[in-house]
Amino acid sequence: MESAYFAIKKTMLGRRVLRSTTPPGIAQEVYALLSAYQALRIAIADATGATPGTDPDRASFSVALRCARDQIVQAAGIIAGTTIDLVGTIGRTVLEHLMPARRLRISPRAVKRPLSRYAYKSLNIDRRTYTATLSINILTPTISP
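Mind the numbering: the sequence shown is residues 75 to 219 in my numbering, read in order.
Shown next, in the form of structure tokens:
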């Protein structure tokens, strides 16, 4: 799930905020982003599934997005009645630019260290009922001759 949010926020939006200021406009933009994301993922899955021995992890979402944007800018196949091969074009581009295979993990994942090395405040302790004790010791100075 987190990688999907990363692909939408970083790759598709380029870390920009949504342009709409009304709730219906924001909903429309979010649905458009999710629809485009799903269409690109389907194109990637179809392209890697049609080629035997190709791991879907090697397909680049950025390459698919760039190709889809190029297809929209070029306005390829906008005349009605023609066959639009948009998924095929995206799939071929993704297969031409596959990323290298992932390396095998040679050591287990390390647990991240906490930000603070000090113990955190426990929520199970009621801090309002502590009794405070106060002791005062009066020291007399010793005078040396």
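Glycine included, every Cβ here is placed at the ideal spot set by N, Cα and C.
Sub-9 Å separation of residue i and residue j beta-carbons
| i | j | result |
| --- | --- | --- |
| Ala101 | Arg132 | no |
| Leu114 | Ala138 | yes |
| Ile164 | Ala106 | no |
| Leu221 | Ile82 | With the chain running from 75 to 219 in the structure shown, residue 221 is simply not present. |
Closest residue to residue i among the options (Cα-Cα distance)
| i | options | result |
| --- | --- | --- |
| Cys141 | Leu178, Thr122, Gln112, Val168 | Val168 |
| Arg166 | Ala206, Tyr111, Thr125 | Thr125 |
| Pro130 | Leu139, Asp120, Ala113 | Asp120 |
| Thr128 | Met173, Ala138, Leu139 | Met173 |
| Met86 | Thr122, Pro98, Ser134 | Ser134 |
| Arg143 | Ala110, Pro219, Lys84 | Ala110 |
| Gln112 | Tyr79, Arg93, His171, Leu213 | Tyr79 |
| Thr122 | Gly162, Val91, Ile210 | Gly162 |
Span separating the alpha-carbon of residue i from that of residue j
| i | j | result |
| --- | --- | --- |
| Ala206 | Arg89 | 52 Å |
| Lys84 | Asn198 | 39 Å |
| Thr95 | Ser136 | 28 Å |
| Val91 | Glu103 | 11 Å |
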